[in-house]
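Residue 155 in the working numbering sits at position 97 of the sequence shown, with consecutive numbering throughout.
Built from N, CA and C at the ideal position, the CB exists for glycine as well.
Since the structure is predicted, the reported quantities are computational estimates derived from the model, not experimental observations.
In what follows, a structure is listed as structure tokens, so that the remarks can point back to it.
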Amino acid sequence: MKIQTRNSIFKFSNWLIISLAVSSCGSDADDLQTPKPNAYFRIDLPEKKYSVFSDSCPFEFEYPSNYAIVLPDKDPNAEPCWKNIVFPKMGAEVNLSYKPVYNNLNKFLDDSWTLATRHQVKASGMPETPIWRDSAKVYGLMFEIEGNAASSLQFYLTDSTKHFLRGALYFFARPNYDSLAPVIEFIKKDVERMITTLKWKEERKIIRSGR
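Printed below as a string of structure tokens:
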């Protein structure tokens, strides 16, 4: 599947992904189509050792437990099941925002697009990667925001009927794409692992739904 990069086709891509998810006949193929990584200079980065993160929230996934920790979002405006995957030695974190879906999926899709394109002012490109894991009912898009943007990677995942999870990678330091590129690529592999191992749980223990 070709990776689409033009903003004008975003809503069509969303419509196609969700429509196919709803009408799927149960294909066993799981698909996370990822662009070939760029070559960067070699730096010392830790070995990856993955563990399953699972709590009372309606999703679980694998994360690199030997150098990352999963914490609840302490922001005053945070909702239940908002998490931060923190990479302390790399000065980075992936913010996860979970929303239960109640006939408001289109709003969440539009919000994801708005939040991703907000960084295009300082971006040199924003390739999109379709996510299709039919056997787990996980569908979505991943945005790679190239250039000195505050967030260099964003994504959303949904089953199209009950669950919506959005993620965004941020660094604590002032963004410098050239110097951060090896770390971005390193953490990107962890995000991909999270996406390919994410599972929805049957019960939803969320009491609020916002924006």
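If you measure between the beta carbons of residue i and residue j, is that distance less than 8 Å?
i, j, result
"V249", "L215", "no"
"F229", "A150", "yes"
"F213", "I253", "yes"
"N184", "F166", "According to the sequence as given, residue 184 is Met; it is not Asn. No."
"P130", "K107", "no"
"S210", "I203", "yes"
"Y235", "G198", "no"
"R224", "S170", "yes"
"D217", "V196", "yes"
Report back the beta-carbon spacing between residue i and residue j to the nearest angstrom; my notes put them in contact at under 8 Å.
i, j, result
"T219", "F119", "So it is not a contact: roughly 19 Å between Cβ atoms."
"K257", "F117", "7 Å"
If you draw a straight line from the alpha carbon of residue i to that of residue j, how long is it in whole angstroms?
i, j, result
"I245", "V128", "14 Å"
"Y125", "F222", "26 Å"
"P146", "L163", "33 Å"
"I189", "P134", "31 Å"
"A207", "E137", "26 Å"
"L103", "N161", "43 Å"
"S237", "E105", "20 Å"
"A114", "A239", "Here residue 114 turns out to be Ser, not Ala, going by the sequence shown. Going by the C-alpha atoms only, they are around 35 Å apart."
"V110", "R232", "31 Å"
"E260", "M148", "34 Å"
"T172", "V159", "18 Å"
"K132", "S112", "18 Å"
"R262", "R191", "Annotation note: pLDDT 48 at R262 (below 50); position unreliable, coordinate value reported separately. When rounded, the distance between both Cα atoms is 20 Å."
Output yes if chain C places a C-beta closer than 8 Å to the C-beta of residue i; else output no.
i, result
"I143", "Chain labels in this structure do not include chain C; a single protein chain is all it has."
Practice task
Evaluate contact between the stretch 150-163 and the stretch 135-142, counting only Cβ atoms and requiring at least three cross-stretch pairs below 8 Å.
Solution key: yes
Problem - beta strand (DSSP E) runs contained entirely in the stretch 181-269, provided each spans 3 or more residues - result: 181-183, 186-191, 196-202, 209-216 and 221-229
Practice task
Scan the stretch 136-162 and note each continuous beta strand (DSSP E) run of 3 residues or more that stays entirely inside, going in chain order.
Solution key: 141-145 and 150-158
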